[in-house]
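Note that the sequence shown ends on residue 1161 in my numbering; no numbers are left out.
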Amino acid sequence: MKITTVRELGAQLPVGFPQQDGTLAKAFTLRPYKSRIDRHIGLWEEANRDQFGTDQGMQLAMKVAKFVSLIVESVGGKQLTLTEDGNSPEEREVEIAQWAFADVLYVYFYARLNSLGDQMSVDVACPSCNREYTGDDSLVFDLRDADVRLIEKPSEMDFWYKMKRPFRLRDKKTVCEQVRIAPMRWVTMQQPGVLSGSAMGQLGYRMLADCICGINGNASQPYDFTDHEMDEMEKIDRVAIDKLAERVGGGLDLRVTVKCDNKDCQQPITNPLNWTWDHFFGESVPLEI
Ligand SMILES: [Zn+2]
873 MKITTVRELG AQLPVGFPQQ DGTLAKAFTL RPYKSRIDRH IGLWEEANRD QFGTDQGMQL
933 AMKVAKFVSL IVESVGGKQL TLTEDGNSPE EREVEIAQWA FADVLYVYFY ARLNSLGDQM
993 SVDVACPSCN REYTGDDSLV FDLRDADVRL IEKPSEMDFW YKMKRPFRLR DKKTVCEQVR
1053 IAPMRWVTMQ QPGVLSGSAM GQLGYRMLAD CICGINGNAS QPYDFTDHEM DEMEKIDRVA
1113 IDKLAERVGG GLDLRVTVKC DNKDCQQPIT NPLNWTWDHF FGESVPLEI
């Protein structure tokens, strides 16, 4: 795994898709972000409202997948065609949800800088001197400066971890000695309660369960951990698996750092990127006329 920046990486997926020849298909192209895309997203939101209801996290995750299904024109040289009306077929949404989490987020991110520019304004206060950057004085970040953890070959995203504290699985017989860690898929984010703040514990469990995709050397058979099995896992293994999951998962570092312009301060201001829809494609776009 190597650390690069959005500027360096360009229109390439951080994870990508393993190919027969042992490489990863990474190159993608995007369509122009035309109003037609917003029209289709609007119709899609109306049609799917029953699914996400008041779960804003779920709504955002599903909406991002729908958006990616509309804006991506090709991946690894393969064209992703639209219907006559310029909509994405339903099976494309399902396909995108199966992509690595890092890849979907990266395309969403890249589509923002491709369509609306790489400058992003945010209201923040310097944590060192409390200088406030708001309104016309808000901080402007360059999205191309964001770091990306890049997976360079398929072997980097498939890792067997030997449990330090093996434990018995739900059949009461099998002892979990080893787990296979692979990149988390976007679909994990689309589950109820996962992105919505109230259930961070649930987010941890669901993410972890999705990254673990095989046990005891058996790579061909996926294993779905139950919450009860997660409960049984010891902290020392959870910490290690969390770290490995981050390593094999690749992706954007959603923190952007700039230097405070107060002459007596000059300290770095690190801001977690707010990638919610309205912020990302609306209020964060600096007005240049
Ligand atoms: Zn400062």
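Glycine included, each C-beta is placed from N, C-alpha and C at the ideal position.
Do residue j and residue i come within 8 angstroms of each other at the CB atom, strictly closer than that value?
| i | j | result |
| --- | --- | --- |
| Asn1146 | Val994 | yes |
| Ala883 | Ala897 | no |
| Val1020 | Leu1124 | yes |
| Phe1097 | Ile1113 | no |
| Pro1140 | Thr1129 | yes |
| Arg903 | Glu945 | yes |
| Met1035 | Asp1109 | yes |
| Ala974 | Gly1122 | yes |
| Gly949 | Phe889 | no |
| Ala972 | Val1066 | no |
| Arg1057 | Gln970 | yes |
Run the CB neighbour count on residue i, radius 10 Å, all protein chains shown included, and call it buried at 16 or more, exposed below.
| i | result |
| --- | --- |
| Leu1015 | buried |
| Arg1213 | Nothing about residue 1213 can be read from this structure; the chain reaches only from 873 to 1161. |
| Ala919 | exposed |
| Gln1062 | buried |
| Pro1055 | buried |
| Ser960 | buried |
| Val1120 | buried |
| Asp1099 | exposed |
| Gln923 | exposed |
| Val1111 | exposed |
| Asp927 | buried |
| Ile875 | exposed |
| Gly894 | exposed |
| Gln931 | buried |
| Asp1082 | buried |
| Arg921 | exposed |
Going by CA-CA distance only, name the one from the options that's closest to residue i.
| i | options | result |
| --- | --- | --- |
| Val1157 | Val1012, Val966, Arg879 and Gly925 | Val1012 |
| Cys1132 | Ser1010, Glu880 and Val1047 | Ser1010 |
| Ser1092 | Glu1024, Arg1052, Met1079 and Asp1082 | Arg1052 |
| Arg1078 | Ile1023, Thr901, Glu967 and Val1059 | Val1059 |
| Arg1042 | Tyr978, Tyr1095 and Arg908 | Tyr1095 |
| Thr877 | Tyr978, Gly1121, Pro1038 and Pro890 | Tyr978 |
| Leu952 | Val887, Met930, Asp1103 and Thr901 | Thr901 |
| Val1047 | Glu1024, Cys1001 and Asn1088 | Asn1088 |
| Gly1154 | Ser987, Arg921, Leu942 and Trp916 | Ser987 |
| Arg1127 | Asp1017, Ala1117 and Trp916 | Asp1017 |
| Arg984 | Glu880, His1100, Val936 and Met1105 | Val936 |
| Asn1002 | Met1035, Thr1148 and Asp1136 | Asp1136 |
| Gln1050 | Asp893, Met1105 and Phe981 | Met1105 |
| Glu1160 | Asp957, Asp990 and Leu932 | Asp990 |
| Pro1038 | Asp1082, Ser1027 and Glu1101 | Glu1101 |
| Leu885 | Ile968, Tyr1033, Gly1065 and Ser1000 | Ile968 |
| Arg1040 | Asp1103, Ser1027 and Met992 | Asp1103 |
| Ser907 | Thr895, Gly958 and Gly925 | Gly958 |
| Leu1116 | Leu1080, Asp1150 and Asn1090 | Leu1080 |
| Phe981 | Gly1086, Pro1064 and Arg879 | Arg879 |
| Trp1032 | Trp916, Lys1044 and Asn1090 | Asn1090 |
| Trp916 | Glu962, Gly929 and Met992 | Glu962 |
| Trp1149 | Gly929, Lys1044 and Lys1045 | Gly929 |
| Thr1142 | Ile909, Gln892 and Cys998 | Cys998 |
Next item on the list: Output the residues surrounding ligand 2, defined as those with a CB atom closer than 6 angstroms to any ligand heavy atom, in chain order.
Entry: As far as ligands go, the structure on display features ligand 1 and does not contain ligand 2.
Check: In the region 887 to 943, which residue ranges form an unbroken alpha helix (DSSP H) of at least 4 residues, counting only runs that do not cross its ends?
Finding: As far as the region 887 to 943 is concerned, its whole alpha helix (DSSP H) runs of at least 4 residues are 907 to 924 and 928 to 943.
Note to self: Measuring CB atoms only, is the region 933 to 949 touching the region 1022 to 1038, in the sense that at least three cross pairs come out at less than 8 angstroms?
What the structure shows: Contact between the region 933 to 949 and the region 1022 to 1038 is absent: fewer than 3 CB-CB pairs across the two stretches fall below 8 angstroms.
Notebook entry, point to check: In chain order, which continuous runs of the beta strand (DSSP E) of length 3 or greater are located wholly inside the region 1133 to 1158?
Noted result: Taken in chain order, the unbroken stretches of beta strand (DSSP E) that lie wholly in the region 1133 to 1158 and span 3 residues or more are 1140 to 1144.
Item checked: Uninterrupted beta strand (DSSP E) stretches inside the region 1084 to 1112 (no shorter than 3 residues) -> Counting whole runs of 3 or more residues, the region 1084 to 1112 contains the beta strand (DSSP E) stretches 1084 to 1087.
Checklist line | Contained alpha helix (DSSP H) runs [length at least 4] in the region 938 to 994, N- to C-terminal order | finding: Every alpha helix (DSSP H) of 4 residues or more that sits fully in the region 938 to 994 is shown, in chain order, as 962 to 969 and 973 to 988.
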